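Report on the structure given below.
Numbering (my numbering), first residue to last: 56 to 358.
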């Protein structure tokens, strides 16, 4: 049987989060992350760049997600240039918006209790193929903000390294006069998931969904639909004895994978339905990975 491959133009269109405090989460994503609230109701909010929605929030949670459980490890916002990355990086270092209290920050990042609230920064790295930094929102969702180096420079670094950022190189590239808003061209570059079943999830994302396996280690893997370094990743760093998502907890509701055409979506559906159950949606269909993470496959929105 011919191996099924997900269409190479498939993108991660948006991430949908379950939130407890919609108002404060919106404030954090606008004033710290740099997204804009495009539309809001009492129960939902849609945030992004211009009219391009990247994050959807649903006020359905009653409790905070457990520190160890399957779900979102982080979603990653890909910036269009190194200059944009440098600008946002130094904005995060300087940002002191009084949205979250020091006590809340220490709860999320206890090892930074000596410097919080000076900076919300969790960590920062030069991975070889990109430069990135990591923060958490008010309800424990991990956020990576990064910029890729030109693909010709990836070389053997496509597997990733962890070197310190070069502040001396980045500082001259930064615009220190901006309000911290993310620029046009910002997209969701990838999503990294917490799992409890490594082998089953590798099979799910490659054999069933049709992603190409880019890297496989003992406790983490990376997949992509194209020659990109990765669009989805999964790890079992918290072990295998962890809980699956609970509806009332904050965290990931689902990921939206957008395919370029109706034909591409139908081909994916015809393949996937041979192996797992799916739930029909008005604009596509939902699937669930072996660790309980939900994905909506649909056709890409026309901007």
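We put the CB at the ideal spot given by N, CA and C, even for glycine. Note that the coordinates shown come from a computational prediction; the quantities given were computed from them, not determined experimentally.
According to the DSSP assignment, residue 112 belongs to the beta strand (DSSP E) that extends over 107 to 114. Inclusion of residue 196 and residue 127 in the CB contact set at 9 Å is warranted, their separation being smaller than that value.
Comparing alpha-carbon positions, the option among 266, 109, 252 and 98 lying closest to residue 285 turns out to be 266. Rounded to the nearest whole angstrom, the C-alpha separation of residue 125 and residue 300 is 6 Å. Spatial neighbours of residue 247 in its own chain (CB-CB distance under 6 Å, excluding positions within 5 residues in sequence) are listed in chain order as 128, 129 and 288. Each of 217, 340, 225 and 305 was checked against the Cα of residue 322, and the nearest Cα belongs to 340.
When secondary structure is reduced to three states using DSSP, residue 329 falls in the coil class, being assigned neither helix nor strand. By the CB criterion at 9 Å, residue 245 and residue 216 fall outside the cutoff.
Residue 345 counts as buried, since at least 16 other C-beta atoms from the protein chains shown sit within 10 angstroms of its C-beta. The continuous stretches of alpha helix (DSSP H) do not include residue 95, which lies in the beta strand (DSSP E) extending over residues 91 to 95. Two segments are said to touch when three or more pairs of C-beta atoms, one from each, lie closer than 8 Å; by this definition the stretch 265 to 282 does not touch the stretch 84 to 98.
With a 10 Å radius around the Cβ and a threshold of 16 neighbouring Cβ atoms, residue 328 comes out exposed. Considering only 143, 68 and 118, the residue with the shortest C-alpha distance to residue 111 is 68.
Judged by beta-carbon spacing, residue 104 lies within the 9 Å limit of residue 237, meaning their Cβ atoms are closer than that value. Going by DSSP, residue 146 is part of the alpha helix (DSSP H) stretching over 137 to 149.
Its chain contains 59 as the residues whose beta carbon lies nearer than 6 Å to that of residue 326, once the 5 sequence neighbours on both sides are disregarded; these appear in chain order.
Excluding the 5 residues flanking it on each side, residue 122 has same chain C-beta neighbours closer than 8 Å at 195, in chain order. Under the criterion of beta carbons closer than 8 Å, residue 202 and residue 188 do not qualify as touching, at roughly 10 Å.
In the DSSP assignment, residue 267 falls within the beta strand (DSSP E) that extends over 267 to 271.
Its chain contains 111, 308 and 309 as the residues whose beta carbon lies nearer than 6 Å to that of residue 71, once the 5 sequence neighbours on both sides are disregarded; these appear in chain order. In the three-state DSSP reduction, residue 188 falls in the strand class (E or B). Residue 274 sits away from residue 120, with the two beta carbons spaced by 9 Å or more.
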